[in-house]
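Engineer: Right, I'll just put the structure down here and ask away after.
Protein chains: 4
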Amino acid sequence: MPTIPYIENFSDWVDSFSYHHSITVRFSETDAFGHLNNTNVFVYFEEARIEFLKTLGLMERWMRQESESILVTGDLQCDYLKQVFFDEKLDIYVKVATIGRTSADIHYMAKNEEGDVCFTGRGRIVQVSKQTNRSIAWDDAVKVALTGESIASK
Amino acid sequence: MPTIPYIENFSDWVDSFSYHHSITVRFSETDAFGHLNNTNVFVYFEEARIEFLKTLGLMERWMRQESESILVTGDLQCDYLKQVFFDEKLDIYVKVATIGRTSADIHYMAKNEEGDVCFTGRGRIVQVSKQTNRSIAWDDAVKVALTGESIASK
Amino acid sequence: MPTIPYIENFSDWVDSFSYHHSITVRFSETDAFGHLNNTNVFVYFEEARIEFLKTLGLMERWMRQESESILVTGDLQCDYLKQVFFDEKLDIYVKVATIGRTSADIHYMAKNEEGDVCFTGRGRIVQVSKQTNRSIAWDDAVKVALTGESIASK
Amino acid sequence: MPTIPYIENFSDWVDSFSYHHSITVRFSETDAFGHLNNTNVFVYFEEARIEFLKTLGLMERWMRQESESILVTGDLQCDYLKQVFFDEKLDIYVKVATIGRTSADIHYMAKNEEGDVCFTGRGRIVQVSKQTNRSIAWDDAVKVALTGESIASK
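Residue numbers (the numbering used here), protein chains in the order written: chain A, 1 to 154; chain B, 155 to 308; chain C, 309 to 462; chain D, 463 to 616.
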């Protein structure tokens, strides 16, 4: 098993997810090496993260024109375990790993139809003010929604 | 020579451009057929169109937060004449073909380093109100800038 | 109704499609004007076209490593009728409009959940030799599959 | 200064780069939050990495049709320090941090025109066999080129 800094025990980690969102690799997402271009996994992470936040009822608040805050990416990373090709159907699993005052650590895992983990990832999302660009503490409703999810997936 | 609806005489048309913006094909823009994916020519058109409008001093007005109008794409098309590959340097030529009351017809031509025309295109840009989504007539300053360019490239 | 060169009667044309493929607008496909960036409609066209060809049993032949030919885009165009925003679900309709010796004219239509046509398009796909880059006549099996679809959607 | 796992001393690290490649943020790379979408930094990393490898005379060997190996991404990560907007010109710095038997650790830094570091990153590139998908040891010429660069940028 690969050594990945944010994964203690690989098989426990794989089992810790419950939510997933499915995507199919587009032809325009492949490259001249014949496989999925490395940059597109982050597009899948974003799509799956947003779908996940929507199921928690959280996304809408940051999408409104009049919202004071937006959600930004603090950091983001991916470990590529297995090449992926055109037309593969991938389940992108998402979970809240930890929650801070103004940010949350989100984990990602992509499984193909054979059940192989093709790539894993993590990244911190941060709530920031549109005015000041500074981070803003989660309010209680967000914290409860994210925490519930965090506990549920343990 | 190919028959392209918006081109009367191919060599006259090739000679009618003066402005161009250069791009280099990114690896992430190729696909598993080993060449530039067809969807990315429109990314190049947009980049070259914006650079062109910037040289006319026109782009800034639509990018300001407080601007009442934005510039949208009415229609857009491309004719692919020659396959393009990773790392090719392309000059994307842009010109104003005709100007209407609220829109302008923009033509595009991509030439590689051998001087071959690899693809051609055209599309209508339209000024629309952010509030109503309806088209808004160009003001005189815009018209003069676009017309001057249109005359200059004849 | 807009005047679109490849559409004779708009409502007849809308009714002439049977196949569609659904997509949801990704956040990464929007731009700073707050809407779907104009370049991404062609990504949707490609995805829907490939799914359509797969249902006809045709796509696989061009994806094999040992295939002598690939499918390329001869030309492509889009008419934008209505702005599209993040998270909208669009049905991308696809049909074969006409078939030539080595190419076929494909039509596209995007409908949102309210049933509004947001954009329309068309483009020619061409079978070309990997060796010579020249167009190759469709063999009978392809022609029958494409023609059947063409007749069915009239 | 932010705590970033792969950076010991931030200002020493900033000074350790010599090579950079410049890009300008495309409008199609922004999103509805008005800034550069988080997924596109990895497109910049890839473009800059390839340009960097080209200056070392290394890229060509992996791009040839008959090459036995390709270069893949083992892992990749980005830390976002400052929002980036349309039309900003960024210098993407690249250096070899460490070299292994079959892989190398590459570091990235993006500076805007004011000299602010907007995002940093790193990732492992791995040489793999096209046939077996297993990693292949660098040959001496590659090792010398990568090592020279590694030493030069210390």
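Here a beta-carbon is modelled for each residue, glycine too, at the ideal position from N, C-alpha and C.
1) Would you mind reading off the limits of the alpha helix (DSSP H) that contains T132(A)?
2) What residues from the stretch 109-121 of chain A come within 7 angstroms of chain B, judged by C-beta to C-beta, listed N to C?
3) Can you check which of these residues, I136(A), I106(A) and Y80(A), is closest to F52(A) by C-alpha distance?
4) With a threshold of 8 angstroms, are at least 3 pairs of Cβ atoms found where one atom belongs to the stretch 27-41 of chain A and the other to the stretch 59-76 of chain A?
5) The alpha helix (DSSP H) that contains Y352(C), what's its start and end?
6) Quick one: any contact between the stretch 551-561 of chain D and the stretch 569-585 of chain D, if contact means 3 or more CB pairs under 8 angstroms?
7) Return the bridge partner residues of I410(C) from the DSSP annotation.
8) Can you name the start and end residues of the beta strand (DSSP E) that S11(A) belongs to?
9) From what residue to what residue does the beta strand (DSSP E) around Y234(B) run?
10) Can a CB atom of chain C be found closer than 8 angstroms to the CB of V84(A)?
11) Provide the residue span of the alpha helix (DSSP H) that contains E214(B), from first to last.
12) Residues in the same chain with beta-carbon distance under 7 angstroms from N194(B), minus the five sequence neighbours each way, listed in chain order, please.
13) Whose C-beta lies closer than 8 angstroms to the C-beta of V476(D) among residues of the same chain, with five residues either side of it excluded?
14) For A412(C), which residues of its own chain have a beta-carbon under 6 angstroms away from its beta-carbon, when the five flanking residues on both sides are left out?
15) Compute the beta-carbon to beta-carbon distance between F353(C) and G429(C), rounded to the nearest angstrom, for a pair I have assumed lies under 8 angstroms.
16) Tell me the rounded alpha-carbon separation between R357(C) and N471(D).
17) If we count the other Cβ atoms within 10 Å of its Cβ and call it buried at 16 or more, is Q285(B) buried or exposed?
18) DSSP three-state call for V297(C): helix, strand or coil?
19) With a CB to CB cut of under 6 angstroms and the five nearest residues on each side skipped, what residues in its chain are close to W201(A)?
20) Could you say which of K143(A), E66(A), F119(A) and L56(A) lies nearest to T102(A) if we only look at CA atoms?
21) Taking beta-carbon pairs under 7 angstroms, can you tell me which members of the stretch 477-503 of chain D lie near chain B?
22) Closer than 9 angstroms, Cβ to any Cβ of chain D: which residues of the stretch 47-78 of chain A, in chain order?
23) Which bits of chain A does V402(C) rub up against, with CB to CB less than 7 angstroms?
24) In three-state terms, what does DSSP make of S22(A)?
25) Rounded C-beta distance between R488(D) and V197(B)? I'm assuming under 8 angstroms.
26) Run through chain C and tell me which residues come within less than 8 angstroms of V43(A), C-beta to C-beta.
27) With a threshold of 16 other CB atoms inside 10 Å of the CB of G365(C), please say whether the residue is buried or exposed.
28) Please name the residue, chosen from I485(D), Y542(D), S473(D) and F479(D), that lies closest to F548(D) on a Cα-to-Cα basis.
29) Please confirm if M59(A) has its CB atom under 8 angstroms from at least one CB of chain E.
30) Do L230(B) and Q391(C) count as a contact pair if the criterion is CB distance below 8 angstroms?
31) Is D140(A) buried or exposed, if buried means 16 or more other CB atoms sit within 10 Å of its CB?
32) Can you check whether the C-beta of Y234(B) is within less than 8 angstroms of a C-beta belonging to chain C?
33) Considering only residues of the same chain and omitting the five flanking positions on each side of A137(A), which have a CB-CB separation below 7 angstroms?
34) What separation, rounded to the nearest whole angstrom, lies between the Cα atoms of D12(A) and I312(C)?
Structural biologist: Reading from the atomic positions:
1) Taken as a continuous stretch (DSSP letters only), T132(A) belongs to no alpha helix (DSSP H), as it is neither H nor E.
2) Answer set for the stretch 109-121 of chain A: empty.
3) That would be I106(A), whose Cα lies nearest to the Cα of F52(A).
4) Counting C-beta pairs closer than 8 angstroms gives fewer than three between the stretch 27-41 of chain A and the stretch 59-76 of chain A, which falls short of the contact rule.
5) Run containing Y352(C): V349 to T363, per the alpha helix (DSSP H) assignment.
6) Contact holds between the stretch 551-561 of chain D and the stretch 569-585 of chain D, because three or more Cβ pairs, one in each stretch, are under 8 angstroms apart.
7) According to the sequence provided, residue 410(C) is Thr. The question's Ile does not apply to it. BP columns for T410(C) are empty, so no partner.
8) Annotation: S11(A) is outside any beta strand (DSSP E); the continuous alpha helix (DSSP H) that includes it extends over F10 to D15.
9) Where Y234(B) is concerned, the enclosing beta strand (DSSP E) stretches over S223 to Y234.
10) By this cut-off, V84(A) is not an interface position.
11) If you look at E214(B), you'll find it in the alpha helix (DSSP H) that goes E214 to M217.
12) Apart from the 5 residues on each side of it in sequence, N194(B) sits with its Cβ closer than 7 angstroms to the Cβ of E183 in its chain, given in chain order.
13) Excluding five sequence positions before and after V476(D), the CB atoms of its chain that fall closer than 8 angstroms to its own CB belong to M571 and V579, given in chain order.
14) If we look at A412(C) and ignore the five residues flanking it on each side, its Cβ neighbours are V404, I433 and L454.
15) So it is a contact: roughly 6 angstroms between Cβ atoms.
16) About 51 angstroms.
17) By the neighbour-count rule (16 or more Cβ atoms within 10 Å), Q285(B) is not buried but exposed.
18) The displayed coordinates of chain C run from 309 to 462. Any statement about residue 297(C) would go beyond what the structure contains.
19) Nothing about residue 201(A) can be reported from this structure: the residues present for chain A run from 1 to 154 only.
20) Of K143(A), E66(A), F119(A) and L56(A), the residue nearest in Cα terms is K143(A).
21) Of all residues in the stretch 477-503 of chain D, the ones placed with a Cβ closer than 7 angstroms to any Cβ belonging to chain B are R488, F489 and S490, in chain order.
22) Result list: W62, M63, I70, L71, V72, T73, G74, D75, L76, Q77 and C78.
23) None at all; the shortest Cβ gap to chain A is about 14 angstroms.
24) Of the three classes helix, strand and coil, the one that applies to S22(A) here is strand, per DSSP.
25) The Cβ separation is near 7 angstroms, so the contact holds.
26) Near V43(A) (Cβ distances below 8 angstroms), the residues of chain C are R334 and S336.
27) G365(C) is exposed by the Cβ-count criterion.
28) Answer by Cα proximity: I485(D).
29) In the structure shown, chain E cannot be found, because the protein chains are A, B, C and D.
30) Remark: C-beta atoms of Q391(C) and L230(B) do not approach each other more closely than 8 angstroms.
31) It is exposed - the Cβ of D140(A) has fewer than 16 other Cβ atoms within 10 Å.
32) At least one CB atom of chain C sits nearer than 8 angstroms to the CB of Y234(B).
33) Excluding sequence neighbours, A137(A) sits near R101 and T102.
34) One Cα belongs to D12(A), the other to I312(C), and the distance between them is close to 57 angstroms.
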